[in-house]
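Step one of this worksheet: look at the structure below.
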């Protein structure tokens, strides 16, 4: 099973504040949907509760310390290890937040799909620092701000360094 972390983080690794994103990037939402559809998505309870409804075409696995927590349409577990065990029959699973879950998942992850938002923000949740000695950047795709996107951003794909090195591809939009 391949474990991929999917996140959008600012230059200072900010993810969000008060359980909400601090930017609006419609193209990033489309990319997230394309990447995660028809897969298991693993997240913390606060991330799950930030959604207005269940995300379609995905199996939601929610990690919480609350022993009696239940939500219709979601599988509730109490550790990252339990979430991964529940998903062990999958080819690929996606870790989608929040900050503490990303931190726990980093040692298990094979790949990171990161949208780097080119600005800094005040936040209360942060993405862990990517140690470039452990991760290899294999793809970078820059997007400038426009009428729908108030911030420049870059899609970055990293794989664990132990994987076969692949040439980096760079696309400018």
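In our numbering, the protein residues as written are 1461 to 1633. Glycine residues also receive a C-beta, built at the ideal position from the N, C-alpha and C atoms.
Exercise for review: Count the CB pairs spanning the stretch 1609-1622 and the stretch 1592-1600 that are closer than 8 angstroms, and state whether there are at least three.
Suggested key: yes
Point to revise | Alpha carbon of residue 1511 to alpha carbon of residue 1553, nearest angstrom | key: 19 angstroms
Check your understanding: Counting only runs that start and end within the stretch 1511-1579, where is the beta strand (DSSP E) found for 3 or more residues in a row?
Key -> 1519-1523, 1534-1537, 1552-1555 and 1571-1577
Review point. Hey, residue 1470 and residue 1546 are a contact pair by Cβ (cut 8 angstroms); roughly how many whole angstroms apart?
Key: Wrong, their Cβ atoms sit about 31 angstroms apart, outside the cutoff.
Practice item. State the DSSP-derived secondary structure class of residue 1598, mapped to helix, strand or coil. Key: strand
Review point. Between which two residues does the alpha helix (DSSP H) containing residue 1610 stretch?
Key: Careful: residue 1610 lies outside any alpha helix (DSSP H) and carries neither H nor E.
**Study point:** Cβ neighbours of residue 1467 in the same chain (closer than 6 angstroms, five flanking residues each side left out)
**Key:** 1574 and 1587
Exercise for review: On the DSSP bridge assignment, give the partners of residue 1476 in chain order.
Suggested key: 1585
Check your understanding: Quick one: what's residue 1468 bridged to in DSSP?
Key -> 1575
Check your understanding: If you count every other CB in all the chains shown that lies within 10 Å of the CB of residue 1536, and 16 or more means buried, which is it?
Key -> buried
Check your understanding: Which term fits residue 1608, buried or exposed, when burial requires 16 or more other beta carbons within 10 angstroms of its beta carbon?
Key -> exposed
Practice item. Look up residue 1617 in the DSSP assignment and give the residues it is bridged to. Key: 1573 and 1599
Check your understanding: Whose CA, out of 1558, 1589 and 1563, lies closest to the CA of residue 1477?
Key -> 1558
Exercise for review: Give the DSSP-derived three-state secondary structure of residue 1501 in the structure shown.
Suggested key: strand
Review point. Which of helix, strand or coil does DSSP assign to residue 1463?
Key: strand
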